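A short worksheet on the structure shown next.
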Amino acid sequence: MTSKPAKDPKTGRFLPRADRAGAVIRPRARKAVRTKLGELFLEDMLSAWESRGAAAIHALIEKNPHDFLKAVAALMPKDVTINANQIGEMTDEQLLQRIRKLDQTIRPFLAAQGADGAGDGDRAPAEHE
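Its first residue numbered 66, the sequence shown is counted upward by one per residue in this note's numbering.
The following block contains the structure:
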């Protein structure tokens, strides 16, 4: 006949069982068990994801697009810091490098339009989208 597990009279929680030697399981051992269980759980989740993850996402999109959107939003960062005035923090060398790069980018368009933009440059106007 098996005996019922012992419960704490105050909390009603089950008391830790004694191991084979009769000693109570220590909290460290419980933490190790939890860690191992967590590792196994994550391995199983990864395996399931690798085999059915894409199909699950497509099914979620079809059945519950709102929940899909919530999941995507939960993955996005909560705060985004944007520095719109980077020029104020650039060194002189960085500024010079930026100016040279811009000059190199717009030079073909200036040559086609002429220096004053009148369309009398030395080349045909550039085709761009």
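Note that beta-carbon positions come from the ideal geometry of N, C-alpha and C, so glycine has one too.
Since we're looking at a predicted model, the values are computed, not measured.
Own chain partners of residue i with C-beta closer than 8 Å, once the 5 adjacent residues on each side are dropped
i: L160; result: I152
i: L125; result: D132, F133 and A136
i: M155; result: R163
DSSP three-state assignment for residue i, whether helix, strand or coil
i: K101; result: helix
i: K72; result: strand
i: P81; result: coil
i: D132; result: helix
i: H144; result: Looking at the sequence shown, residue 144 is not His but Asp. In this structure, D144 counts as coil in the three-state DSSP scheme.
i: A139; result: helix
i: A155; result: A small correction: the amino acid at residue 155 is Met; Ala does not occupy that position in the sequence shown. If DSSP states are grouped into helix, strand and coil, M155 belongs with coil.
i: A149; result: coil
Contacting residues, own chain, Cβ-Cβ under 6 Å from residue i (five flanking each side not counted)
i: P74; result: none
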